[in-house]
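For the sequence shown, the positions run 235 to 586 when my numbering is used.
Remarks on the structure that follows.
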Amino acid sequence: TTEPLATIMATTRMNSAWSGKRSSVYVRGKGWRTAPKPTPKRPLAPRPKLAEEPSVSYLASFDCGSFAIPHPQKQEKGGEDAHFYHGKQGWLAMGVCDGVSGWASEGVDPATYARELSEHGELAARNPAIFGEEPWSILDYAHSRAESLGSSTFTITNLISEEEGKSGGSGKKAVARLKWANVGDSGVKVFRYGSVVSASAVQEHYFNCPRQLGNPKKVRECDTPDAAEEDEVALRRGDVVVLATDGVFDNVFDKEISELVNKHKKRSAGEIAEAIARRASTNSRNRKYESPFAKEAYALEKKEGGGGAVLTLGGGGLSLNGIFSDLGLVKEENPYIGGKLDDITCVVAVVK
235 TTEPLATIMA TTRMNSAWSG KRSSVYVRGK GWRTAPKPTP KRPLAPRPKL AEEPSVSYLA
295 SFDCGSFAIP HPQKQEKGGE DAHFYHGKQG WLAMGVCDGV SGWASEGVDP ATYARELSEH
355 GELAARNPAI FGEEPWSILD YAHSRAESLG SSTFTITNLI SEEEGKSGGS GKKAVARLKW
415 ANVGDSGVKV FRYGSVVSAS AVQEHYFNCP RQLGNPKKVR ECDTPDAAEE DEVALRRGDV
475 VVLATDGVFD NVFDKEISEL VNKHKKRSAG EIAEAIARRA STNSRNRKYE SPFAKEAYAL
535 EKKEGGGGAV LTLGGGGLSL NGIFSDLGLV KEENPYIGGK LDDITCVVAV VK
């Protein structure tokens, strides 16, 4: 593309993605519609020189590292997740993408679109003078530049170091802010003293079908950056930020992650990320492990009133498994027991 970055950033942010030219929105009960046209452009700002510094793993205020384990059947191509992190003194941007595997059945490599999003996201992250502190701007730019067929979840986080106490919400202990923009079921969680103090929400159209970005020119039904959930939280020294794809969160409970964080708290962020990713990989291959994904699937099935062998009484669906369990004849078992094989990507930042 030949359009300069400054021209892109000069466009007023609308209720559509990146000037609206390549976006569509879902109107409840009416389906997908073209997004509103943008307002006239503002005067162009000077285009700053693009940064070319290599990514760093240790920053003055944040220690950052990552670890990825591809799906066992996708190791040769490196899996279908993608991620990046880049920072300078007192500032760090991180991102994870998870290509939607359903595209493989149509002959499309799910990794291609995810990698494009990640590459363009990292380019934007290297230029905070243009994109500022808002993760949404990075997500929106990456979406506007990814042209391949496919779709992907996308989570962007920005960590900004500040004078102690300035962030608010934590008194004089606050030393930084975490901002995020999230589309889909990847996400970010903040661990402090063994507990999750803040987390992004899972975004799904329905169970196991996450919200997902795609190129509206090629994908009729896809989400746009306007679907992103945005939030921020004040950070303290010692906080551990875990950014990961669903291959981690579907296989490891928060309590397990917290235990790993505490166990490795004297190690680097990269080592913490590796420990979490390896635990997720181990759990994913355990057929007897009742994973977070298995528990959610079973809870949803019971809520909807069925599953397994179903006996119809009075027009309603009742599980024989559940009936016998209620009578005390058998122990009710989760038919979805076991880990969930998936690509696993974990990026960790520790506030110093």
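C-beta: ideal position from N, C-alpha, C; glycine also.
If you're wondering where the values come from, they're calculated on a predicted model, not measured in any experiment.
Helix, strand or coil at residue i according to DSSP, with G and I counted as helix
i	result
LEU317	Checking the displayed sequence, the identity of residue 317 turns out to be His instead of Leu. DSSP places HIS317 in strand when its eight states are reduced to three.
VAL431	strand
LYS527	The identity of residue 527 in the sequence shown is Phe, whereas the question assumes Lys. Correct three-state label for PHE527: helix.
SER404	Summary for SER404: the model assigns pLDDT 48, below 50, so the residue's position carries little reliability, and this model does not support an answer.
PRO306	helix
ASP460	helix
LEU575	coil
LEU534	helix
GLU438	strand
TYR322	Residue identity differs from the one stated: residue 322 is Lys in this sequence, not Tyr. Strand.
ARG445	coil
Cutoff 6 angstroms; reference residue i; Cβ partners in own chain excluding five residues on either side
i	result
LEU351	CYS331, ALA376, ALA380, SER386, PHE388
SER395	SER295, GLY324, ALA410
SER371	PHE365
LEU477	MET328, VAL330, THR391, VAL422, VAL581
THR479	ASP315, VAL330, ASP332, SER420, THR579
PHE441	LEU534
LEU563	Confidence in LEU563 is poor, its pLDDT being 45 and thus under 50, which makes the residue's placement unreliable; the coordinate value appears in the next sentence. Hits under 6 angstroms: none found.
Start-to-end residues for the beta strand (DSSP E) that takes in residue i
i	result
HIS377	No beta strand (DSSP E) holds HIS377; the alpha helix (DSSP H) holding it covers 369-379.
LYS413	408-417
GLY299	296-303
ASN496	No beta strand (DSSP E) contains ASN496, which is instead part of the alpha helix (DSSP H) from 488-497.
TRP337	Premise fails: TRP337 is in no beta strand (DSSP E) and is neither H nor E.
Enclosing alpha helix (DSSP H) for residue i [first to last residue]
i	result
ALA470	The amino acid occupying residue 470 in the given sequence is Arg; Ala does not appear at that position. Not the alpha helix (DSSP H): ARG470 falls in the beta strand (DSSP E), residues 463-470.
GLY605	The requested residue 605 does not occur in the structure, where the chain is confined to residues 235 to 586.
ARG513	503-518
ALA363	362-365
GLY481	480-483
Proximal residues to residue i (C-beta, below 8 angstroms), its chain only, five neighbours per side dropped
i	result
ARG471	LYS407, VAL409, VAL585, LYS586
ARG426	ARG470, GLY472, ASP473, VAL474
LYS522	ILE571, GLY572
Cβ shell of residue i (< 7 angstroms), same chain only, five flanking positions each side left out
i	result
LYS311	ALA345
PRO306	LEU575
ALA514	GLY481, VAL482, ASN485, VAL486, ILE578
HIS354	TYR375, ALA376, ARG379, ALA380
C-beta atoms of residue i and residue j nearer than 8 angstroms
i	j	result
TYR347	GLY333	yes
SER525	GLY572	yes
GLU190	ALA415	Given a span of 235 to 586 for the chain in the structure shown, any question on residue 190 remains unanswerable.
GLY428	ASN496	yes
ASP460	ARG445	no
VAL474	LEU393	no
SER300	GLY504	yes
HIS498	ILE506	yes
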